[in-house]
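Trainee: Just so you know, we're using the working numbering here: the sequence shown kicks off at 3 and counts up by one.
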Amino acid sequence: MALQVLVPDVGDAAEVEIIEILVSVGDVIAKDDSLVVLESDKASMEIPTPEGGKVVSIAVKEGDIVDEGTLIIELEIATAVEPAMQSAANEKNTPKSVSDESQEVMAAQESDQVSPVQASSAPKEQIIAVPDVGGADEVLVTDVLVKVGDALEAEDSLVVLESDKASMEIPTPVAGEVLEILVEEGAEVKEGDALVRLMAADQTSDPSETASAQAAPAVSAATVEAVPLKPVSTPAAPQPVATLASSLETSALVHAGPAVRKQAREYGVDLGEVIPSGQKSRILKEDIQNFVKQRLSEPSSKSSADAVSGGIPPIPDVDFSRFGVIEMVQLSRIRKASAKNLHRSWVNVPHVTQFDEADITELEAFRKSQNIELAKTGNKITPLAFLVKACVNALIKYPQFNASIESSFDHMVYKKYYNIGVAVETPDGLVVPVIKDADKKGVIQVAQETAELAALAREKKLPMDAMQGGTFSISSLGGIGGTAFTPIVNAPEVAILGVSKSKMAPVYDGIEFQPRNILPLSLSYDHRAIDGAEAARFTAHIAQVLSDLKRLIL
Ligand code: CAO
Numbered sequence: 003m004a005l006q007v008l009v010p011d012v013g014d015a016a017e018v019e020i021i022e023i024l025v026s027v028g029d030v031i032a033k034d035d036s037l038v039v040l041e042s043d044k045a046s047m048e049i050p051t052p053e054g055g056k057v058v059s060i061a062v063k064e065g066d067i068v069d070e071g072t073l074i075i076e077l078e079i080a081t082a083v084e085p086a087m088q089s090a091a092n093e094k095n096t097p098k099s100v101s102d103e104s105q106e107v108m109a110a111q112e113s114d115q116v117s118p119v120q121a122s123s124a125p126k127e128q129i130i131a132v133p134d135v136g137g138a139d140e141v142l143v144t145d146v147l148v149k150v151g152d153a154l155e156a157e158d159s160l161v162v163l164e165s166d167k168a169s170m171e172i173p174t175p176v177a178g179e180v181l182e183i184l185v186e187e188g189a190e191v192k193e194g195d196a197l198v199r200l201m202a203a204d205q206t207s208d209p210s211e212t213a214s215a216q217a218a219p220a221v222s223a224a225t226v227e228a229v230p231l232k233p234v235s236t237p238a239a240p241q242p243v244a245t246l247a248s249s250l251e252t253s254a255l256v257h258a259g260p261a262v263r264k265q266a267r268e269y270g271v272d273l274g275e276v277i278p279s280g281q282k283s284r285i286l287k288e289d290i291q292n293f294v295k296q297r298l299s300e301p302s303s304k305s306s307a308d309a310v311s312g313g314i315p316p317i318p319d320v321d322f323s324r325f326g327v328i329e330m331v332q333l334s335r336i337r338k339a340s341a342k343n344l345h346r347s348w349v350n351v352p353h354v355t356q357f358d359e360a361d362i363t364e365l366e367a368f369r370k371s372q373n374i375e376l377a378k379t380g381n382k383i384t385p386l387a388f389l390v391k392a393c394v395n396a397l398i399k400y401p402q403f404n405a406s407i408e409s410s411f412d413h414m415v416y417k418k419y420y421n422i423g424v425a426v427e428t429p430d431g432l433v434v435p436v437i438k439d440a441d442k443k444g445v446i447q448v449a450q451e452t453a454e455l456a457a458l459a460r461e462k463k464l465p466m467d468a469m470q471g472g473t474f475s476i477s478s479l480g481g482i483g484g485t486a487f488t489p490i491v492n493a494p495e496v497a498i499l500g501v502s503k504s505k506m507a508p509v510y511d512g513i514e515f516q517p518r519n520i521l522p523l524s525l526s527y528d529h530r531a532i533d534g535a536e537a538a539r540f541t542a543h544i545a546q547v548l549s550d551l552k553r554l555i556l
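1) Out of curiosity, what's the CA-to-CA distance linking L458 and T452?
2) Measure the CB-CB distance between S526 and I498 and report whether it falls below 8 Å.
3) Compare the Cα-Cα distances from M466 to each of V162, P435, M201 and H543 and report the closest residue.
4) Using 10 angstroms around the beta-carbon of K232, count the other beta-carbons present and answer buried if the total reaches 16, otherwise exposed.
5) Return yes when the C-beta of K418 is under 7 Å from any heavy atom of ligand 1, and no when it is not.
6) Whose C-beta lies closer than 7 Å to the C-beta of L397 among residues of the same chain, with five residues either side of it excluded?
7) Considering only residues of the segment 432-482, which uninterrupted alpha helix (DSSP H) runs meet the minimum length of 4 residues and lie entirely inside it, listed in chain order?
8) Residues in its own chain within less than 7 Å of E78 by CB, not counting five upstream and five downstream?
9) Measuring only the C-alpha atoms, how far is P489 from F515?
10) Cβ atoms of K382 and N373: under 8 Å apart, would you say?
11) For E190, which beta-bridge partners are listed by DSSP?
12) Output the boundary residues of the beta strand (DSSP E) element that contains P401.
13) Distance, Cα to Cα, V433 vs Q470?
14) Just to confirm before moving on: does the CB-CB distance between V415 and S406 stay below 8 Å?
15) Between which two residues does the alpha helix (DSSP H) containing E536 stretch?
16) At a cut-off of 7 Å, is L432 close to ligand 3 when judged by its beta-carbon and the heavy atoms of the ligand?
17) What are the residues that DSSP puts in a beta bridge with Y510?
18) Could you check whether L154 and V161 sit closer than 8 Å to each other, using their CB atoms as the reference points?
19) Since S371 sits in a beta bridge, which residues does DSSP pair it with?
20) Using CA coordinates, which residue listed in S524, V7 and E171 is at the minimum distance from K33?
21) Would you mind stating whether L548 and F357 have Cβ atoms separated by less than 8 Å?
22) So which of R284, M47, P385 and N343 has the shortest CA-CA distance to V501?
23) Check each candidate in V27, L554, V185 and E186 and name the one with the smallest Cα separation from K442.
24) Closer than 8 Å by C-beta to A542: which residues in its own chain qualify, once you throw out the five before and the five after it? Chain order, please.
25) Mind checking L298: buried by the 16 CB within 10 Å criterion, or exposed?
26) Indicate the three-state DSSP secondary structure (helix, strand or coil) for P278 in the structure shown.
27) From which residue to which residue does the beta strand (DSSP E) around R199 run?
28) Rounded C-beta distance between L455 and A261? I'm assuming under 8 Å.
29) When the distance is taken between beta carbons, is E186 closer than 8 Å to V143?
30) Measuring CA to CA, which of K264, C393 and V320 is closest to D439?
31) Can you list, in chain order, the residues of its chain with a C-beta nearer than 6 Å to that of L344? Leave out the 5 residues immediately preceding and following it.
32) Pull up the DSSP beta-bridge partners for A569, would you.
33) Taking 7 Å as the cut-off, is the CB of T384 close to at least one heavy atom of ligand 1?
34) With I49 as the anchor, note down where its beta strand (DSSP E) starts and where it stops.
35) Straight-line CA distance for G484 to K503?
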């Protein structure tokens, strides 16, 4: 037998929207299982099925605006529905498909229960209390929407209450200023419990009259209803206005149906942190699931990040699409790897950068003359090859720069080989191929090898071992520009030389200013391994070698 389930009485709500469909065609459901979630501007509610059966068709879709009598689904029911109920459903286009329980609630709604507030002993103050919550023993205060000092209009929402079937905003029946918040988020409350103490704006009006005029809820929920409020006893004496503002959690501002809110609560998820994917930025169940999955996948990376960062809180993900058009591009494997290494070094290594300058006037003259000869072979030397050799020379003299600190901090490891990493820019990110045994290679060989490694890196053909075993690194931005920068140490190495663009500058020789080619150097180092004076000497030594190439053979 077929049964049509219709939208029940939705009170005086102007617009009620289907925000979630909880069943699919073919589902076999039990009596009272929820079918859809409806939401108005004041409340959201799950609509249950009055009978168990198989879902034959769904007549609505998410985002539809519906009103009383709209067909929701058709059910094939195994057993015959009571004739009275079925005929009623067919005769009038009224929510006869709503459960008996909800019908009772609606009956209660039609009764004359009023008096949502009662005057305190000081007549201008009023306590707003939890209304009849339609059969639910205790409901949860999920959000407190006001704070002390707020000036409210009648019908402004005070709190959001939630049962296992519905969530509803509770409005104030009277305008006034909030004197005290009498509940906390997370509290379980029941009918008659005090929510808020108000100083009524209309001080001459009879509070109970005001209450009866204002108390009707905006929407009738099918299973739990914000029916007229009940009186509560007032405090013995007016209390001073509290100054502590209640915190308005972000979750109070999100759009989510009761089922979603319930799921979020069960998982301990703050809805304010969840990125919504539903219409009008509404949070769906899948969003909660995705959020939980994402968080579950974090512990390993988070704990390792914590291990290196001392528990530095992560930068939160932001839904930038809220502010404009965006494009998501998958990060390359190289960028992910280099980002991880750079971050690890940044948070572990206390960095200091030593700046210096090298006079490379003679070096440049020599290099250019060499390049004229080399042109026949198709090779060329850039300043970088001389820098590699000058660094090796300085590393031999200052071995603490060719070292690493043991993680236990018990030993320094001095390396007796000189493998110089060179940072290479590629379209996919930074890679650092290593010129192995640079102390045993001449300037031309270093230049050729650097060019080959850089080409391989840009073609993504660099073998793994070409990026391993470095003892010191150079990051040269000289071909691009800039006066100085602070490179990040390529840990577990303890220092890196940054090189910027050389330029002609007037240098005083004691008698007059001479035009000289000056190369800026920036040495970043791990201050745990290296003292500042050593770093200054090391950088000055590199500058001296570059200024006087004869030193390279010493
Ligand atoms: N001052 C002035 N000119 C310089 C220079 C300097 N310090 N260094 C290089 N040049 C010149 C070269 O001589 C060359 O000039 P010509 O074309 O007239 O011969 C030109 O700049 C281009 O050089 P290059 O960049 O091709 O070669 P390189 O050996 O200097 O550098 C490499 C090779 C792979 C290091 C470089 O291409 C590169 O990728 N640099 C970027 C590194 C980077 O991104 N570092 C930042 C990492 S974050 O710390």
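Just so it is clear, CB atoms sit at the ideal spot from N, CA and C, and this is done for glycine as well. This structure is a prediction, so every number in the text was calculated from the model and none was measured.
Mentor: On the basis of the supplied data:
1) Here residue 458 corresponds to residue number 456 of the sequence shown, with the count starting at 1. Here residue 452 corresponds to residue number 450 of the sequence shown, with the count starting at 1. Each residue's alpha carbon lies about 10 Å from the other.
2) As a first step, residue 526 must be located in the sequence shown, where it is residue number 524. As a first step, residue 498 must be located in the sequence shown, where it is residue number 496. Yes. Within cutoff.
3) Taking the sequence shown and counting its residues from 1, one reaches residue 466 at position 464. Checking every option, the nearest Cα to that of M466 belongs to P435.
4) To locate residue 232, count along the sequence shown from 1; it is residue 230. Note that K232 scores a pLDDT of 29, beneath 50, so its modelled location is shaky; the value from the coordinates is reported in the next line. By the neighbour-count rule (16 or more Cβ atoms within 10 Å), K232 is buried.
5) Reading the sequence shown from its first residue, position 416 is the one you call residue 418. Taking the Cβ of K418 as the reference point, every heavy atom of ligand 1 lies at 7 Å or farther away.
6) Residue numbering aside, residue 397 sits at position 395 when the sequence shown is read from its first letter. Counting only Cβ-Cβ distances below 7 Å, and skipping sequence neighbours, we find F403, N404, Y420 and F474.
7) 445-460
8) For this step, residue 78 is matched to residue 76 along the sequence shown. Within the same chain, E78 has close Cβ partners A4, G55, K56 and V58.
9) Working through the sequence shown from its first residue, we reach residue 489 at position 487. Working through the sequence shown from its first residue, we reach residue 515 at position 513. Roughly 32 Å between the two C-alpha positions.
10) Counting from one through the sequence shown, the residue named residue 373 turns up at place 371. Counting from one through the sequence shown, the residue named residue 382 turns up at place 380. Yes. Within cutoff.
11) Along the sequence shown, read from residue 1 onward, the residue named residue 190 stands at position 188. Its beta-bridge partners are L142.
12) Stepping through the sequence shown from its first residue, residue 401 is reached at position 399. Where P401 is concerned, there is no enclosing beta strand (DSSP E), because DSSP gives it neither an H nor an E.
13) Counted from its first residue, the sequence shown places residue 433 at position 431. Counted from its first residue, the sequence shown places residue 470 at position 468. Straight-line Cα distance between these residues: approximately 11 Å.
14) Here residue 415 corresponds to residue number 413 of the sequence shown, with the count starting at 1. Here residue 406 corresponds to residue number 404 of the sequence shown, with the count starting at 1. Going by C-beta atoms, V415 is nearer than 8 Å to S406.
15) Taking the first residue of the sequence shown as 1, we reach residue 536 at position 534. Residues G534 to S549.
16) This structure does not include ligand 3; its bound ligands are ligand 1.
17) The sequence position of residue 510 within the sequence shown is 508, counting from 1. Beta-bridge pairing links Y510 to F515.
18) Position 159 of the sequence shown holds residue 161. Position 152 of the sequence shown holds residue 154. No, the Cβ-Cβ distance between V161 and L154 is not below 8 Å.
19) Counting from one through the sequence shown, the residue named residue 371 turns up at place 369. Per DSSP, none; premise fails for S371.
20) The residue labelled residue 33 in the question sits at position 31 within the sequence shown. When only C-alpha atoms are compared, the closest one is V7.
21) Reading the sequence shown from its first residue, position 546 is the one you call residue 548. Reading the sequence shown from its first residue, position 355 is the one you call residue 357. No, they are not a contact pair.
22) In the sequence shown, the residue the question calls residue 501 occupies position 499. Taking only the C-alpha atoms, the option nearest V501 is P385.
23) Translated into positions along the sequence shown, residue 442 becomes position 440. Closest option to K442, Cα to Cα, is L554.
24) What you label residue 542 is simply residue 540 of the sequence shown in a count that begins at 1. D358, listed in sequence order.
25) Working through the sequence shown from its first residue, we reach residue 298 at position 296. An exposed status is given to L298, since fewer than 16 other beta-carbon atoms sit within 10 Å of its beta-carbon.
26) Position 276 of the sequence shown, counted from the start, is the residue given in the question as residue 278. In this structure, P278 counts as coil in the three-state DSSP scheme.
27) Reading the sequence shown from its first residue, position 197 is the one you call residue 199. Here the beta strand (DSSP E) through R199 covers A196 to A202.
28) Translated into positions along the sequence shown, residue 455 becomes position 453. Translated into positions along the sequence shown, residue 261 becomes position 259. In this structure L455 is not in contact with A261, their Cβ atoms being roughly 58 Å apart against a cut-off of 8 Å.
29) Taking the first residue of the sequence shown as 1, we reach residue 143 at position 141. Taking the first residue of the sequence shown as 1, we reach residue 186 at position 184. Result yes, Cβ atoms of V143 and E186 sit closer than 8 Å.
30) Locating residue 439 in the sequence shown gives position 437, counting from the first residue. Residue C393 is the option with its Cα nearest to D439.
31) For the purposes of this step, residue 344 is taken as the residue at position 342 of the sequence shown. Only I490 meet the Cβ criterion.
32) Look at the range of the chain in this structure, 3 to 556, and you will see that residue 569 is not part of it.
33) Looking up residue 384 in the sequence shown gives position 382. At least one heavy atom of ligand 1 is nearer than 7 Å to the Cβ of T384, so yes.
34) In the sequence shown, counting from the first residue as 1, residue 49 sits at position 47. Run containing I49: A45 to P50, per the beta strand (DSSP E) assignment.
35) The count along the sequence shown starts at 1 and reaches residue 484 at position 482. The count along the sequence shown starts at 1 and reaches residue 503 at position 501. Each residue's Cα considered, the two are about 6 Å apart.
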